[in-house]
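For the protein sequence lines, the chains are C and L, in the order given. For the record, in the first sequence the residue sitting at position 156 is 156 according to our numbering, with numbers rising by one throughout. For the record, in the second sequence the residue sitting at position 1 is 200 according to our numbering, with numbers rising by one throughout.
There are 2 protein chains.
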Amino acid sequence: MLRGEITTAIRRALMQELAAVGYGRLSIEAVARRAGVSKTAIYRRWNSKLDLVLEIVAAAAHGKLPALDTGTLRGDLTLLFQAVAHALRHPLASQIIPDLLAEAARNPSIDATLRQVLHARQQDIGGRLVNRAVQRGELPADTDPDAAIDLIVGPLYWRIAIARLPLTDSYLERLVESVVAGLGATGAVPHPRAAPMAG
Amino acid sequence: MLRGEITTAIRRALMQELAAVGYGRLSIEAVARRAGVSKTAIYRRWNSKLDLVLEIVAAAAHGKLPALDTGTLRGDLTLLFQAVAHALRHPLASQIIPDLLAEAARNPSIDATLRQVLHARQQDIGGRLVNRAVQRGELPADTDPDAAIDLIVGPLYWRIAIARLPLTDSYLERLVESVVAGLGATGAVPHPRAAPMAG
C-alpha cells in the first residue's frame with residue numbers, strides 16, 4: 001500500500017472498530033488487524049488511541065454540508081433536515097458520537113475536542129442559515145445562532161438518535177413549520193403565518 | 200447488611216461504575232467490590248451484567264416527574280424544562296444513557312429496553328402535558344404527542360447533553376416561547392401571540 005492508502009485504511013478500520021466495540025474496548029491491535037497494517041504503522045502516525053480517535057472525529061465533523069442557500073428559511077431548513085437525517089443514520093452518529101460523549105465526562109481531551117468540533121459546526125450552520133434568514137427579514141435580527149441551532153437540530157436528533165422513532169416526509173414537513181414558528185417567536189418579527197392576519 | 204440494603208448498595212455501585220468506566224468496561228467484580236458484597240450476592244439477584252444494567256435503567260427512568268398541571272402550557276413547559284435540565288445534569292443522562300445508546304446498536308436487548316423505557320416516558324409526558332393543553336384549547340386537537348415531545352425535549356437535550364453550552368434563565372424563557380409557537384404552528388389553532396392580531 002502507498003502511504004496515503006495506509007492512512008485511509010487505518011481511518012476506515014478505526015471507524016468500523018469504534019462502531020463495533022466502542023472506545024472503551026477499542027484496541028490498536030484490532031484496528032491494525034482490520035486495516036491490514038502493522039501496529040507500528042499506526043503508532044508512526046498517531047501517538048495514542050486517543051489521538052487517533054480525536055483526529056478522525058474532527059475530520060468527519062468537517063465533512064461537507066449542503067449549500068443551504070435556497071432563498072427561503074423553509075427551503076434551507078428542508079435541505080438541512082434531509083442532510084441531518086442522513087448523517088444521523090451513519091454509525092458515526094448512532095454509535096461513535098454517543099460513545100465519545102460518554103467518554104468525554106471521563107476524559108478532558110475528548111471533552112475539549114468534542115466541544116470544539118460541535119461548536120464550530122454549530123457556528124458554521126448558524127452562519128449560513130440563520131444569518132441569511134436574518135438578512136432576508138425572516139428571522140429577528142437578535143436571533144441567537146446557538147439557541148437557533150438547538151431548536152433546529154435538537155428535535156431531529158432526539159427523534160433519530162434517542163427516541164429512535166420513525167421519520168416520515170410529513171413529519172419533516174411539519175417539523176419545518178414548527179421550527180420556523182419557534183424561531184420567529186422570540187423576536188420582533190411576526191410569525192410568517194400570523195403576518196397576513198395583521199393586515 | 201439486610202437483603203434490601205444489599206440490593207440498594209449493588210444498584211448504587213452499578214451506577215457509579217457505569218459512570219466511571221462505561222458499559223463496555225464494566226465488570227461485576229468491580230461492582231461487587233464497590234458495593235462491599237460478594238459476586239455471588241449479585242448473581243443471586245441478576246443473571247448477567249446486562250440484566251442488572253437494564254433493570255436499573257428502567258427503574259431510574261420511572262422516577263417521578265413534576266405534576267405538570269399549572270393550568271397553562273407555558274407554565275407546564277417551564278416546570279418540565281426545569282425538571283429536564285436537572286435530570287440531564289445527573290450522570291445517568293450525561294454518561295450512562297449515551298453509553299447505553301451506543302451499546303444499543305450492538306445489543307438487541309439493550310436496544311429494546313431503551314426504546315420501551317424512552318417511549319413509555321414520552322407517552323407519559325405526552326399524556327400529561329400535551330393532552331391537557333389540547334383540552335384547554337392551547338394546542339391543536341390533532342397534535343401528535345411524540346412529535347410534540349421531540350420539539351419539547353430535543354432542543355434542551357441537544358443544548359445540555361450534546362452541544363453542552365451554558366443554560367441561563369433567559370435562555371429557558373425564550374425556549375418556552377419558541378416551543379409554544381412551534382407546537383401551535385402545525386395545527387388549526389392560531390399561535391397564542393398571533394391571536395390578538397386577528398381581532
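Quick reminder that beta carbons are idealized off the backbone N, C-alpha and C, glycines included.
- Using the C-alpha atoms, what's the distance from L:I324 back to L:T271? Counted from its first residue, the second sequence places residue 271 of chain L at position 72. Counted from its first residue, the second sequence places residue 324 of chain L at position 125. Looking at the two C-alpha atoms, the distance is approximately 15 Å.
- So what's L:S369 in DSSP terms, helix, strand or just coil? Mapped onto the second sequence, residue 369 of chain L falls at position 170. Correct three-state label for L:S369: helix.
- Is L:S377 buried or exposed, if buried means 16 or more other CB atoms sit within 10 Å of its CB? Along the second sequence, one-based indexing puts residue 377 of chain L at 178. Per the 10 Å Cβ criterion, buried.
- Message: Does the stretch 157-170 of chain C come into contact with the stretch 330-350 of chain L, if we say contact requires no fewer than three beta-carbon pairs (one atom in each stretch) closer than 8 Å?
- Response: yes
- Query: Going along the stretch 360-382 of chain L in order, which residues come within less than 8 Å of chain C, judged by CB to CB distance?
  - Reply: A360, I361, A362, R363, L364, Y370, R373, L374, E376, S377, V378, V379, A380, G381 and L382
- Message: Could you give the first and the last residue of the continuous alpha helix (DSSP H) run that contains C:I110?
- Response: Walking along the first sequence from the start, residue 110 of chain C turns up at place 110. Looking at the DSSP string, the run of the alpha helix (DSSP H) that includes C:I110 is P108 to I125.
- Counted within 10 angstroms of its Cβ, other Cβ atoms place C:E138 as buried (16 or more) or exposed: Along the first sequence, read from residue 1 onward, the residue named residue 138 of chain C stands at position 138. Counting Cβ neighbours within 10 Å, C:E138 comes out buried, since at least 16 surround it.
- Message: Would C:S27 and L:A304 be called neighbours here (beta carbons separated by less than 8 Å)?
- Response: Here the question's residue 27 of chain C lines up with position 27 in the first sequence. Here the question's residue 304 of chain L lines up with position 105 in the second sequence. Not closer than 8 Å, so no.
- Query: Among residues of its own chain, excluding the 5 on either side of C:R159, which ones have a beta-carbon nearer than 7 Å to its beta-carbon?
  - Reply: Position 159 of the first sequence, counted from the start, is the residue given in the question as residue 159 of chain C. These residues qualify, in order along the chain: L165 and L167.
- Query: In whole angstroms, what separates the C-alpha of L:L258 from that of L:V220?
  - Reply: The count along the second sequence starts at 1 and reaches residue 258 of chain L at position 59. The count along the second sequence starts at 1 and reaches residue 220 of chain L at position 21. According to the sequence shown, residue 258 of chain L is Ala rather than Leu. If I take the Cα positions, the gap works out to 21 Å.
- Limits of the alpha helix (DSSP H) - the one that C:L79 falls within: The residue given as residue 79 of chain C occupies position 79 in the first sequence. First-last of the alpha helix (DSSP H) with C:L79: L73 to L88.
- Message: My output table needs one value for C:V179: the three-state DSSP class, helix, strand or coil.
- Response: If you number the first sequence from 1, residue 179 of chain C lands on position 179. If DSSP states are grouped into helix, strand and coil, C:V179 belongs with the helices.
- Stretch-stretch touch, CB-based, cutoff 8 Å, three pairs: the stretch 106-125 of chain C with the stretch 25-44 of chain C: no
- Query: Within the chosen definition, does the stretch 1-13 of chain C reach the stretch 30-37 of chain C through at least 3 CB pairs nearer than 8 Å?
  - Reply: yes
- Query: If you drop the 5 nearest sequence neighbours on each side, which residues of the same chain put their C-beta closer than 7 Å to that of L:A208?
  - Reply: Position 9 of the second sequence, counted from the start, is the residue given in the question as residue 208 of chain L. The answer, listed in chain order, is M200, A234, G235 and V236.
- Compare the C-alpha of C:L114 against each of C:S170, C:R74 and C:V53 and name the closest. Along the first sequence, one-based indexing puts residue 114 of chain C at 114. Closest by alpha carbon: C:V53.
- Message: Against chain L, which members of the stretch 147-159 of chain C pass a CB distance test of less than 8 Å?
- Response: A147, I149, D150, L151, V153, G154, P155, L156, Y157, W158 and R159
- Figure out for me which residue from C:L101, C:M15 and C:L77 has the closest Cα to the Cα of C:L65. Taking the first sequence and counting its residues from 1, one reaches residue 65 of chain C at position 65. C:L65 has its Cα closest to that of C:L77, out of C:L101, C:M15 and C:L77.
- Task: Flag C:L118 as yes if its beta-carbon sits less than 8 Å from any beta-carbon of chain L, otherwise no.
- Result: What you label residue 118 of chain C is simply residue 118 of the first sequence in a count that begins at 1. It does; some Cβ of chain L falls within 8 Å.
- Query: Is the beta carbon of C:Y157 less than 8 Å from the beta carbon of L:G383?
  - Reply: The count along the first sequence starts at 1 and reaches residue 157 of chain C at position 157. The count along the second sequence starts at 1 and reaches residue 383 of chain L at position 184. Not a contact, by the Cβ cut-off of 8 Å.
- Query: Would L:A240 count as contacting chain C if we go by Cβ distances under 8 Å?
  - Reply: By one-based count along the second sequence, residue 240 of chain L stands at place 41. Judged by the 8 Å Cβ criterion, L:A240 is not in contact with chain C.
- Item | Assumed close pair C:I152, C:L80 - CB separation to whole angstroms, cut-off 8 Å | The count along the first sequence starts at 1 and reaches residue 152 of chain C at position 152. The count along the first sequence starts at 1 and reaches residue 80 of chain C at position 80. Contact holds; Cβ gap of about 7 Å.
- Item | Through-space distance from C:L88 to L:V256, alpha-carbon basis | Against the second sequence, residue 256 of chain L aligns to sequence position 57. Against the first sequence, residue 88 of chain C aligns to sequence position 88. So the alpha carbons of these two residues sit roughly 24 Å apart.
- Task: Identify whether C:T7 lies in helix, strand or coil by the three-state DSSP scheme.
- Result: Taking the first sequence and counting its residues from 1, one reaches residue 7 of chain C at position 7. If DSSP states are grouped into helix, strand and coil, C:T7 belongs with the helices.
- Any C-beta of chain L under 8 Å from that of C:L101: Mapped onto the first sequence, residue 101 of chain C falls at position 101. So yes, C:L101 belongs to the interface.
- Query: In chain order, what residues of the stretch 11-22 of chain C put their CB closer than 8 Å to some CB of chain L?
  - Reply: A19, A20, V21 and G22
- Query: Residue range of the alpha helix (DSSP H) that C:P66 falls in?
  - Reply: Counting from one through the first sequence, the residue named residue 66 of chain C turns up at place 66. Looking at the DSSP string, C:P66 is not in any alpha helix (DSSP H), and its letter there is neither H nor E.
- Taking Cβ-Cβ distances shorter than 8 Å, what residues in chain C pair up with L:K288? Taking the first residue of the second sequence as position 1, residue 288 of chain L is located at position 89. Checking the sequence shown, residue 288 of chain L turns out to be Arg, not Lys. None at all; the shortest Cβ gap to chain C is about 11 Å.
- Message: Do C:L129 and C:E68 count as a contact pair if the criterion is CB distance below 8 Å?
- Response: As a first step, residue 68 of chain C is located in the first sequence; it is residue number 68 there, counting from the start. As a first step, residue 129 of chain C is located in the first sequence; it is residue number 129 there, counting from the start. According to the sequence as given, residue 68 of chain C is Leu; it is not Glu. Taking 8 Å as the Cβ cut-off, C:L68 and C:L129 qualify as a contacting pair.
- CB of L:V230 within 8 Å of CB of L:L249, strictly: Sequence index remark: in the second sequence, residue 230 of chain L carries index 31 (1-based). Sequence index remark: in the second sequence, residue 249 of chain L carries index 50 (1-based). For L:V230 and L:L249, no; Cβs fall outside 8 Å.
- Message: Between C:R74 and chain L, is any beta-carbon pair separated by less than 8 Å?
- Response: Stepping through the first sequence from its first residue, residue 74 of chain C is reached at position 74. Chain L contact via Cβ: absent.
- Given that L:A304 touches chain C, what residues does it touch there, using C-beta distances under 8 Å? For the purposes of this step, residue 304 of chain L is identified with residue 105 of the second sequence, where counting begins at 1. Those are A19, P91, S94 and Q95, listed as they occur along chain C.
- Contact set between C:Q123 and chain L, taken where Cβ atoms lie within less than 9 Å: Residue mapping note: residue 123 of chain C aligns to position 123 of the first sequence, counting from 1. Those within 9 Å of C:Q123 in chain L number zero; the least Cβ separation is about 11 Å.
- Query: For a contact meaning CB atoms closer than 7 Å, what does C:P145 contact in chain L?
  - Reply: Taking the first sequence and counting its residues from 1, the one referred to as residue 145 of chain C is at position 145. In chain order: nothing, as chain L lies at least about 11 Å away.
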